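These notes concern the structure reproduced below.
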Amino acid sequence: MLGTHFNLVETPDCNIHVRLSPEVRTSIRGVACRARIDRQFIDALPNLGIIASYGVGYDAVDAAYARSKNIVVTNTPDVLNEEVADLTLGLLISVVREIPKAVAFVREGRWKASDYPLSRLTLRNRRVGIYGMGRIGRCIARRIEAFGLPIAYHSRRPADGVTYDYFPSLLELASAVDVLISIVPGDPSTARSVNAEVLSALGPDGVFINVGRGTVLDEDALITALGTGTIAAAGLDVLADEPNVSDDLLALDNLTILPHIGSASVSTRTAMADLVAQNVIAWFRSGAALTPVP
């Protein structure tokens, strides 16, 4: 879509000082990306007016610095909400009912010798806590409701129009539930907020699911909690240093790790790409993007 409206300059990475000549960098007014955009990158493009980020999270973009330079930053909200919520419930069920282990049991031929052991965990009689009651958090909550499970949540402030029990701190929420789903953005206020104390509060039958940002979790604390039985199981679609996965994480048989596929269907990723393009086109036409970040 962008190619029909603009002259495009494509680079394999963000090292634009090396990749692009000063003349080309001066000519660039908009960037469509899914990479890290820092001050150095922004300063290298003196006429930059818009950064259209591919994804709902924009923690990889120095949005505050861009704002100080009167550069608009956009993201792709809403078009991925339902897809991420679907994946969240799939991951939760996979963790609780041990679906990956059961698949391996059949593929390895062990079913011929014995039935698969009964799963220790169940979704029945659980209470689910959602850390982050934004757009995606609400979509997740609607799906949890269909399972007949009570829901509570923690966000920076109570969410308008939401009737679930609100807890003013993450620790209080974790103490009141035995499933904790994290869907908050990654920023300094949430960094490593799911720590040893929060995990311990979930209890020995506790389950932790992270589909938001990997930086929210203290991974060392999770390794300890899963290894010592402080909590029962966990599922991660995001990591702090993805795609790098530590051997300690991989060694845990009560941990399911996915390769950040929350929005990764053809239809949803296409819708995200279309919104990136529409933001750029709208900004060049009118000076106003469709989905600017705050």
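Each residue of the sequence shown is one higher than the one before, starting from 350 at the first, in the numbering used here.
C-beta: ideal position from N, C-alpha, C; glycine also.
No experiment lies behind these values; they were computed from the predicted model shown.
Looking only at C-alpha atoms, which of the options sits nearest to residue i?
i	options	result
residue 509	429, 481, 525, 523	481
residue 391	507, 468, 364, 588	364
residue 612	384, 368, 603, 433	433
residue 556	389, 618, 581	581
residue 353	616, 388, 627	627
residue 416	428, 355, 388	388
residue 355	633, 372, 500, 527	633
residue 490	521, 514, 458	514
residue 414	397, 427, 425	397
residue 435	485, 369, 537	485
residue 693	372, 383, 366, 368	Shown here, the chain extends from 350 to 643; a query on residue 693 therefore has no answer.
residue 425	535, 643, 624, 636	624
residue 616	370, 386, 431	431
residue 609	404, 472, 367, 373	404
residue 503	478, 494, 495, 488	478
residue 470	603, 519, 591	603
residue 473	494, 373, 596	494
residue 427	419, 369, 487, 360	487
residue 636	385, 419, 453	419
residue 373	357, 590, 501	357
residue 385	371, 362, 369, 643	362
Quick one: grab the DSSP three-state call for residue i.
i	result
residue 604	strand
residue 571	helix
residue 354	coil
residue 633	helix
residue 348	The chain is shown only over 350 to 643; residue 348 falls outside these bounds and no answer can be derived.
residue 408	coil
residue 395	coil
residue 514	strand
residue 503	strand
residue 616	helix
residue 508	coil
residue 641	strand
residue 384	coil
residue 610	coil
Leaving out the 5 sequence neighbours to the left and right, which residues in its chain are closer than 8 angstroms to residue i when beta-carbon positions are compared?
i	result
residue 443	449, 584, 605
residue 578	553
residue 518	503
residue 500	476, 477, 478, 479, 490, 493, 494, 513, 514
Identify, in the order they occur along the chain, each residue of the same chain with its Cβ nearer than 7 angstroms to the Cβ of residue i, setting aside the five sequence neighbours on each side.
i	result
residue 629	351, 379, 381, 399, 401
residue 395	375
residue 507	515
residue 451	465
residue 496	472
residue 366	393
residue 597	572
Tell whether a beta-carbon distance below 9 angstroms holds between residue i and residue j.
i	j	result
residue 545	residue 525	no
residue 568	residue 548	no
residue 406	residue 561	yes
residue 483	residue 558	no
residue 492	residue 438	yes
residue 573	residue 541	no
residue 543	residue 566	yes
residue 631	residue 620	no
residue 586	residue 599	no
residue 411	residue 536	no
Apart from the five residues on each side of it in sequence, which residues of its chain come closer than 6 angstroms, Cβ to Cβ, to residue i?
i	result
residue 468	446, 447
residue 523	529, 547, 550, 551
residue 554	527, 581
residue 475	498, 527, 528
residue 641	421, 423
residue 539	533, 565
residue 377	394
Practice problem: At 3 residues or longer, and completely inside the segment 413-477: list those beta strand (DSSP E) runs for me, N to C. | Solution: 421-423
Exercise. Note down, one range per segment and in chain order, each beta strand (DSSP E) of at least 3 residues found wholly within the segment 516-595.
Key: Within the segment 516-595, complete beta strand (DSSP E) segments of at least 3 residues are found at 528-531, 556-559, 582-585, given in chain order.
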